[in-house]
Amino acid sequence: MSILVDKNTRLLVQGITGQEGLFHTKKMVAYGTQVVAGVTPGKGGEWVLSGKIPVFDSVKIAKDATGANTSVIFVPARFSADAMFEAADAGIELIICITEGVPVHDMMRVRNYLDHKEVRLVGPNCPGLLTPGEAKVGIIPGNIAIPGNIGVVSRSGTLTYEILYALKNLTMGVSTCVGIGGDPINGTNFIDTLMMFQEDPETEKIVLIGEIGGTDEENAAEYISQHVTKPVAAFIAGRTAPPGKRMGHAGAIVQGGTGLAEDKIKALKKARVKVAQHPEEIPSLL
Amino acid sequence: MSILVDKNTRLLVQGITGQEGLFHTKKMVAYGTQVVAGVTPGKGGEWVLSGKIPVFDSVKIAKDATGANTSVIFVPARFSADAMFEAADAGIELIICITEGVPVHDMMRVRNYLDHKEVRLVGPNCPGLLTPGEAKVGIIPGNIAIPGNIGVVSRSGTLTYEILYALKNLTMGVSTCVGIGGDPINGTNFIDTLMMFQEDPETEKIVLIGEIGGTDEENAAEYISQHVTKPVAAFIAGRTAPPGKRMGHAGAIVQGGTGLAEDKIKALKKARVKVAQHPEEIPSLL
Amino acid sequence: MKLHEYYSKRLFSEYGIPIPKGEIAKTPKEAQRIAKELDGPVVVKSQVLVGGRGKAGGIKVANTPKEALQHAEDILKLTIKDLPVRMVLVDQAADIKDEIYLGITNDRSARKPVIMASAEGGVDIEEIAHKTPEKIIKCQIDPLMGLQDYQARDLAAGIDLSRDHWRAFGKIAHGLWQAYINSDATLAEINPLVVTGEGQLLAVDGKMVLDDNALFRHPDLEGYRDLDVDAGVEIQAREHGLSYIKLDGNIGCMVNGAGLAMTTMDIIKLFGGEPANFLDIGGGASAEKVSTALEIILSDANVKAVLFNIFGGITRCDVVAKGILEALEEVNTNVPMVVRLVGTNAAEGRKLLQDAAMETADTLAEAAKMAVAAAKG
Amino acid sequence: MKLHEYYSKRLFSEYGIPIPKGEIAKTPKEAQRIAKELDGPVVVKSQVLVGGRGKAGGIKVANTPKEALQHAEDILKLTIKDLPVRMVLVDQAADIKDEIYLGITNDRSARKPVIMASAEGGVDIEEIAHKTPEKIIKCQIDPLMGLQDYQARDLAAGIDLSRDHWRAFGKIAHGLWQAYINSDATLAEINPLVVTGEGQLLAVDGKMVLDDNALFRHPDLEGYRDLDVDAGVEIQAREHGLSYIKLDGNIGCMVNGAGLAMTTMDIIKLFGGEPANFLDIGGGASAEKVSTALEIILSDANVKAVLFNIFGGITRCDVVAKGILEALEEVNTNVPMVVRLVGTNAAEGRKLLQDAAMETADTLAEAAKMAVAAAKG
């Protein structure tokens, strides 16, 4: 029915007492996500949400006390790397880092460290995960998707919502939506997610939402042509973005003849992926 | 017939043009070891041993040109960590570091890096490996052992020779002799070697030579009691060594109530290992 | 954030990389004095953050202090690729025998730093990468390990550097690595690294790009920011937490989210229009932020229509609507506006705007078509 | 190499760890002057590289400069565990509320550094480790990653440190990590780390042990070596590349290889004798080295017999024999000698020694028995 998160997810929120963390914890709980613990160093022993969720000083203590298996990170960018290391070292299996603006050197260290551990990181700078009807981990609005058989993976935020919304308007349901984030170096990429969707028996079709910058979409296309048998539709943002200008986040930049939307679209088409001209076209391609 | 090295070993010598490197290369070649290449940065293109062995600038080039699969390191201590990284990154499968005096922080870095690679390190500060009649990799004198079915593993140097010699005098042969080295942090420990001897069909008996310091012998005893079915005889050096004094190398020191010879002997006896009172007793225990 | 050649080289020098003697001059007189002190031929180099300075006449050799004065006078009058030259670097001229390239950058797909060298320095490295990639020797660096000695040697061997220079090259590579890692750089580059007639290695030109997200760790480097690089409105936008880039079209866009903002530009183009800008108001934008954003959009005289595309998630549509109304009260404009609000509090937002003579749309395609039509008048 | 408290703390201070104000004094007058400048109660602390200074009367509080003078006078006369007190540290006395332990060392079996903290500082940590190990909170550090912030917090939480001090404790832990890693230490320890009445954290005592093998990277620290720690002959031995440790028995040993040297000691004991020393001449020993080694052995008046046990590998037995003969020419001794030479050039070696009235043995056991008999006279 889903990948990565579902109704059995036992979620821990790092940075739960911060403004962002608290706001989205409420939304996640309201959606029905099992939020079992929060972590804010120095605030262990407090409770949030009217005594519903206990706060701990460290991920390890929180995990031991509550059996959390997944962590979502809302701490400020300068502390995010430490938060990711802490979660990984504590044995958390799945880490979702929502925080935007994590230094790229930090991410190189985190990624190379995590590669040797049994842990999956999604993000940073991502909207998180949504398995409609089961769990919302992150900031994707819960009411814009209904359960179904379409797997959605995206580098973007609101653009993803746009596509989820377009699907919902046609009562097309989603198995899981994975926001992998827009940063140049992140934990989970298109290929990782495609692999999971391909293996998930409940996912029958896949939507891939890419944008300019890097060559992840080209690599994804190569992977699709060799390993993905389920139908894939895609949209790539940034065809009109001028080279050398960073479009909002560090990942979205066309540099030295690579990262162009045209190249990505060409590669995807070659892999028999249907590429939409604009997001609202996606439902009709599935 | 052996573990780690045999007549198919294609050996590369790092630091081949140094005094030590050249001396022992001659001995290894005389023994019949297939020394296929040497590496000394800046001397690529030269030849040693009257044009028999080519010298290269880097391990990668040497490996590509000669198909070397094993490297023995004779470079000075301050350059040894770099040499180990170079060999590992070039895809060498087995690295033997003879060099003494490698800083312990270097070894912590090397060891933690190598743990994530498909490579085995033996040493540093070790006499190397000898598979009698097939290959000599390092500095163990070739003429003090004959081929046979006894596997020897040791933290020591000349003490090992003493035992090999005692065995030879009684025409008892050796499958492979592994000098794991006397440093506190090294690449291969007793357990790694015991595992290989246990699996090696040609090794029928095992000799373990330990000394004061650390708890490797205790750990080995625990492993033997659970996993080793072949008979093991042992000798532990340093029963008369005073606490707090470092006996020759960094590993051999009794500190804070641990590392005592008595504890090691007790643990080994508990694991049904026959412990010799002096090295020349070893043959009679097998 | 890009660092000027001068600051980059000074940073390199702190890490033991040899650079030519030289100083920065803001007037021709200063340039003359520096040339006099350096006592010999000098190079007068414009300090602007674009490539192609040489072709634009921004780099000149002077044999005498007087010549240095004249060159500086000429160069300080230049505007290169829209950027005014505000200072020149006066460097001792090097006796160049060979020119090498040496750089470190982030390898996005390997998720590691990569160090690169080429025997063909002094030219555009991207061009070499494109035309003769085999001439660039690359080596990935494990970010947890740092640059290893053998890797520096492999590079030196790979570009066939004379062995006499291996040791010096290794030190420079390590210095560059330290500069890169300690400054949170995304690029640290010496181009060219020169072999002089006397057999020395010398970093004649340098370039560093720093990670904006990591500048909190380097307050000292923040001071080196060149404000000329961004247009005034772009700075203003950044100060308000907005991400704005001016383009050449006539349809202004205000969107929440970078991906959606690009998509909005794309769809305008798809339906025959031309976007005037990229503008991402970010998540949870306040009325004040929205108001500033609209002012920025309308400050572009080319703008003939504005398209608002807000997908309410964290951002609340009613708050955005309020911001638009506040801005309109102050700005007083005739530019037609098309608004599409979807998601959190969209109904409330639409209600607020219904008296404001704005066109509203339900789908993105519809909104784009309406904006294109409005811009054509 | 152990560093004195004073140097350890000065190093800590360079890494931002707060330490008491204080200075080193080599005379009582100096101690008085320092106490006067510090203006208030001080602690006069003997600087010797052994534990148990307090119990030995080597640490005393002085309330006035005059008291400091007297204490310094007393302490500078002391010899603690065979080590003469040559200097005292005069530190401002701290207002101690709580005493914590914080240390970093190499975890041999984990092959990683380990950082440890305990709420019970100021006492022997090995004793705590032995009796109440649960009172020590440990955390392994990945040597490629370094200490992480969360680890420092885990320690602080683990020892129930008041949250007011977490930030300061974190900074100290990071400082200690930097001191440890940048100095190639095998131990960096603050014991006690004090919480003062004013709520500050202060490193009141410090200890560092450096890796001798890494001193080439720290020529500045080499100067801090305390030569008193080793007996004169041990220093002499090290200078000649020999590893020598004096023991209490009467049979001198000269062996090549540390393991074999220990074994030789063990077997002497096994057959009823007592070894007078550990002595490893290393690999490939020259005649000169052997000669120096013999002189060192014989400089111990207790020695009643000498056992040479040489297993020729790299070391050639004939070279060792030559060294023995050279030494005997100079030393002129009546101490009986037993020689066992095996391996490379053993026959040549034995031949050289056959005129020198030495007993020779074939096996190690035989040699040991002969030496024990000879020592008994």
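Residue numbers (this note's numbering), protein chains in the order written: chain A, 23 to 308; chain B, 23 to 308; chain C, 21 to 397; chain D, 21 to 397.
Built from N, CA and C at the ideal position, the CB exists for glycine as well.
Since the structure is predicted, the reported quantities are computational estimates derived from the model, not experimental observations.
Please say whether residue j and residue i have beta carbons closer to each other than 8 Å?
{"i": "Val351/D", "j": "Leu384/D", "result": "no"}
{"i": "Val141/B", "j": "Leu151/B", "result": "no"}
{"i": "Ala274/B", "j": "Ala278/D", "result": "yes"}
{"i": "Lys46/C", "j": "Arg106/C", "result": "yes"}
{"i": "Ala243/B", "j": "Leu290/B", "result": "yes"}
{"i": "Val359/D", "j": "Leu373/D", "result": "yes"}
{"i": "Ala177/C", "j": "Gly293/C", "result": "no"}
{"i": "Gly141/C", "j": "Leu213/C", "result": "yes"}
{"i": "Asp115/C", "j": "Glu218/C", "result": "yes"}
How should residue i be labelled, buried or exposed, when 16 other C-beta atoms within 10 angstroms of its C-beta is the threshold for buried?
{"i": "Trp197/D", "result": "buried"}
{"i": "Asp184/D", "result": "exposed"}
{"i": "Arg128/C", "result": "buried"}
{"i": "Leu192/B", "result": "exposed"}
{"i": "Leu262/C", "result": "buried"}
{"i": "Ser311/D", "result": "buried"}
{"i": "His194/C", "result": "buried"}
{"i": "Val143/D", "result": "exposed"}
{"i": "Lys80/D", "result": "buried"}
{"i": "Pro153/D", "result": "exposed"}
{"i": "Asp240/D", "result": "exposed"}
{"i": "Asn30/B", "result": "exposed"}
{"i": "Asp111/C", "result": "buried"}
{"i": "Arg131/D", "result": "buried"}
{"i": "Arg73/C", "result": "buried"}
{"i": "His260/D", "result": "buried"}
{"i": "Thr251/A", "result": "exposed"}
{"i": "Glu156/B", "result": "buried"}
Spatial neighbours of residue i within its chain, please: CB distance less than 7 Å, with the 5 preceding and 5 following residues excluded, ordered by chain position.
{"i": "Ala376/C", "result": "Leu345, Leu348"}
{"i": "Ala366/D", "result": "Gly332, Cys337"}
{"i": "Gly320/B", "result": "Any property of residue 320/B remains undetermined from this structure, which presents chain B solely from 23 to 308."}
{"i": "Leu186/A", "result": "Ile166, Ala167, Val174, Val196, Cys199"}
{"i": "Gly36/D", "result": "Lys191, Gly195"}
{"i": "Lys117/C", "result": "Val215, Thr216, Gly217"}
By Cβ distance below 8 Å, which residues in the same chain neighbour residue i in space, the five residues on each side in sequence not counted?
{"i": "Ser102/B", "result": "Ile95, Cys119, Thr121, Val124, Asp128, Pro146"}
{"i": "Ile304/A", "result": "Ile185, Ala188, Leu189, Val229, Ala255, Phe257, Ala298"}
Excluding sequence positions up to five away, which residues of its chain have a Cβ less than 6 Å from the Cβ of residue i?
{"i": "Asn91/A", "result": "Arg32, Glu115"}
{"i": "Ser93/B", "result": "Leu34, Gln36, Ala109, Ile114, Ile117"}
{"i": "Val362/C", "result": "Phe331"}
Does residue i get closer than 8 Å to chain G when you measure Cβ to Cβ?
{"i": "Ala137/C", "result": "As a matter of chain content, chain G is missing from the structure shown, whose protein chains are A, B, C and D."}
For the ligand PLP, I want to know if residue i counts as a neighbour, meaning its beta carbon is within less than 7 Å of at least one of the ligand's heavy atoms.
{"i": "Val81/C", "result": "Of the ligands one can find in the structure shown there are none, so the ligand PLP has no counterpart to examine."}
Original post:
If you measure beta-carbon to beta-carbon, which residues of the stretch 67 to 78 of chain B are closer than 8 Å to chain C?
Top reply: So the list is empty, because no residue satisfies the distance condition.
**OP:** Could you name the residues of the stretch 184 to 218 of chain C whose beta carbon sits closer than 7 Å to any beta carbon of chain B, in the order they occur along the chain?
**Re:** Answer set for the stretch 184 to 218 of chain C: Trp186.
Original post:
In chain order, what residues of the stretch 199 to 218 of chain B put their CB closer than 7 Å to some CB of chain D?
Top reply: Listed by position, the residues of the stretch 199 to 218 of chain B near chain D (Cβ gap below 7 Å) are Gly204, Pro206, Ile207.
Subject >> Members of the stretch 152 to 169 of chain B that neighbour chain D once the beta carbon cut-off is set at 9 Å >> reply: Cβ contacts with chain D: Ile161, Ile162, Pro163, Asn165, Ile166.
Subject >> Contact list for the stretch 79 to 94 of chain A against chain D, Cβ threshold 8 Å >> reply: Going along the stretch 79 to 94 of chain A in chain order, one finds Asp79, Ser80, Val81, Lys82, Ile83 with a Cβ nearer than 8 Å to chain D.
Original post:
Relative to chain A, which residues along the stretch 112 to 129 of chain D have a C-beta separation below 7 Å, given in chain order?
Top reply: The residues in question: there are none.
**OP:** Identify every run of the beta strand (DSSP E) within the stretch 317 to 353 of chain C, keeping only runs that are complete inside it and at least 3 residues long; order them along the chain.
**Re:** Counting only runs of 3+ residues, the beta strand (DSSP E) found wholly inside the stretch 317 to 353 of chain C occupies 325 to 332, in chain order.
**OP:** Would you list, in chain order, the members of the stretch 109 to 135 of chain A that have their beta-carbon closer than 7 Å to a beta-carbon of chain C?
**Re:** The stretch 109 to 135 of chain A vs chain C, Cβ under 7 Å: Gly123, Val124, Pro125, Val126, His127, Met130, Arg131, Arg133, Asn134, Tyr135.
Original post:
Which whole runs of the beta strand (DSSP E) in the stretch 205 to 244 of chain A are 3 residues long or more, in chain order?
Top reply: Listed in chain order, the beta strand (DSSP E) runs fully inside the stretch 205 to 244 of chain A are 227 to 233, counting runs of at least 3 residues.
**OP:** Check each residue of the stretch 249 to 269 of chain D: if its Cβ is closer than 8 Å to any Cβ of chain B, include it; give the result in chain order.
**Re:** For the stretch 249 to 269 of chain D, which is checked against every Cβ of chain B, the residues closer than 8 Å are Ser263, Ile265, Leu267.
**OP:** Mind checking the stretch 165 to 182 of chain C against chain B and listing, in chain order, the residues whose C-beta falls within less than 7 Å of any C-beta there?
**Re:** Residues of the stretch 165 to 182 of chain C with a C-beta atom less than 7 Å from some C-beta of chain B are Met165, Gln168, Asp169, Tyr170, Arg173, Asp174, Ala177, listed in chain order.
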